[in-house]
Amino acid sequence: MHISVLLEEAVDALNIQKDGIYVDGTYGRGGHGRLILSRLGKSGQLITFDKDPAAISEARSILDERFQAVHSSYTEMYAALQSLGINRVDGILLDLGVSSMQLDEASRGFSFRHDGPLDMRMDSSRGKTAAEWLTVASEAELKEIIRTYGEERYAGQIASAIIMEQARQPISTTLRLAEIVATVVRKRGHRDDRQHPATRTFQAIRIHLNQELEELSMTLPQCVELLNTGGRLVVISFHSLEDRIVKRFMRMQTGTDTLPRRLPVREEESRLYNRQKLRIIGKKIRPGSDEVSANPRARSAVMRVAEKLETSNAISR
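Below, the structure written as structure tokens:
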């Protein structure tokens, strides 16, 4: 069962205007999108994006003239909206990471709860699977990816074990990879009994394979350019590296990181130099204890919100 994380909080943060145009950058299984639609008037619009063919198939089952689903990464948001004749929008929601449905479906290869093919592609219609990538990955590359994206202290030992087992017999299933990793981590004392020893490694390979951090960094500037004055950008992340990118980007767009502290300039001069485009709305928001109890996958979620202050020129192409 899919449960949208921070459902009410995220849609409330968008500050929905009845006749506004909104973007759901990651449809998933539609929890946020359907709630946004319920708050729009007859002239409002919602455009949703998703790389996952299954998610887009479900989205297209919604028969509502105010709604359009685009089978694409949100990195193509600017161009896709332009092709639809949309130059500006009133709010954008990015719900990052994988959905519960993707994790629960063994054939997608994201999880080790059930055995399945080692796939891990967000868009199952293109690109290398994780199993195919492991046949060409070097030990050094694997170590760096697990250490950087998984923040795994045993990255070196895990990479060595994977390469050794890969040479013996290609790793093609989720349970085999999970057991290889678990054997290494358990020997060295696992940190958190609530988390499977292979969680960080699976997360790292998935992030690398789908270029998740790179795509997020490419998309955030597009969001700022697309927003109308007063429009909201709402981002829910589930990984510290994602949240770091979002936090840093939003701070830069407020201008707070542009000028040195204690520089003797007036506030209006500071805004001129900084070219301030966003203001941060409130503090970061995390799910409450009741939500985490009902949906343990929500425990790592962090939501940040920013509002557009001025309409800037379109992205040059």
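Take the sequence shown: its letter number 258 is residue 1364 in the working numbering, and every next letter is one higher.
Note that beta-carbon positions come from the ideal geometry of N, C-alpha and C, so glycine has one too.
What whole-angstrom Cβ distance do residue i and residue j have, given they're in contact under 8 Å?
i, j, result
"Ala1288", "Pro1303", "4 Å"
"Ala1407", "Val1129", "That belief does not hold up - the Cβ atoms of Ala1407 and Val1129 are roughly 20 Å apart, past 8 Å."
"Arg1135", "Met1228", "About 14 Å separates the two Cβ atoms, so there is no contact after all."
"Arg1166", "Leu1143", "Not really, about 14 Å apart at Cβ, beyond 8 Å."
"Asp1170", "Gly1150", "Not confirmed; about 10 Å, so no contact."
"Val1204", "Phe1216", "6 Å"
Exposed or buried, which one is residue i when buried takes at least 16 other CB atoms within 10 Å?
i, result
"Ser1179", "buried"
"Ser1422", "Residue confidence is low: Ser1422 scores 36 on pLDDT, short of 50, so the model does not pin down where it sits. Its coordinate-derived value is still stated next. Its Cβ having fewer than 16 others within 10 Å, Ser1422 is exposed."
"Lys1148", "exposed"
"Glu1348", "buried"
"Lys1389", "exposed"
"Arg1410", "buried"
"Met1270", "exposed"
"Leu1378", "Unreliable placement is indicated for Leu1378, whose pLDDT of 49 sits below 50; no coordinate value is reported for it."
"Arg1140", "buried"
"Arg1312", "buried"
"Asn1316", "buried"
"Gly1191", "exposed"
"Arg1306", "buried"
"Thr1280", "buried"
"Asp1221", "exposed"
"Lys1383", "buried"
"Gln1359", "buried"
"Ser1163", "exposed"
"Thr1241", "exposed"
"Ala1400", "exposed"
"Asp1335", "It should be pointed out that residue 1335 corresponds to Thr in this sequence rather than to Asp. Burial call: exposed."
"Ala1273", "exposed"
"Gln1301", "exposed"
"Glu1114", "exposed"
In this structure, what does DSSP give as the bridge partners for residue i?
i, result
"Pro1223", "Thr1279"
"Tyr1260", "Answer by DSSP bridge pairing: none, since Tyr1260 is not bridged."
"Leu1200", "Val1341"
"Leu1384", "Lys1414"
"Ser1178", "Asp1156"
"Asp1074", "What the structure shows of the chain is the stretch from 1107 to 1423, and residue 1074 is not part of that stretch, so it cannot be assessed."
With three or more beta-carbon pairs closer than 8 Å as the criterion, would you say the segment 1168-1186 touches the segment 1240-1260? no
Between the segment 1379-1396 and the segment 1317-1328, can you find at least three pairs of beta-carbon atoms closer than 8 Å? no
Measuring CB atoms only, is the segment 1335-1353 touching the segment 1191-1200, in the sense that at least three cross pairs come out at less than 8 Å? yes
So, do the segment 1206-1214 and the segment 1351-1358 have three or more beta carbon pairs nearer to each other than 8 Å? no
What alpha helix (DSSP H) runs, 4 residues minimum, are completely inside the segment 1289-1353? 1305-1315 and 1318-1332
Fully enclosed by the segment 1140-1174, which alpha helix (DSSP H) runs are 4 residues long or longer? 1159-1165
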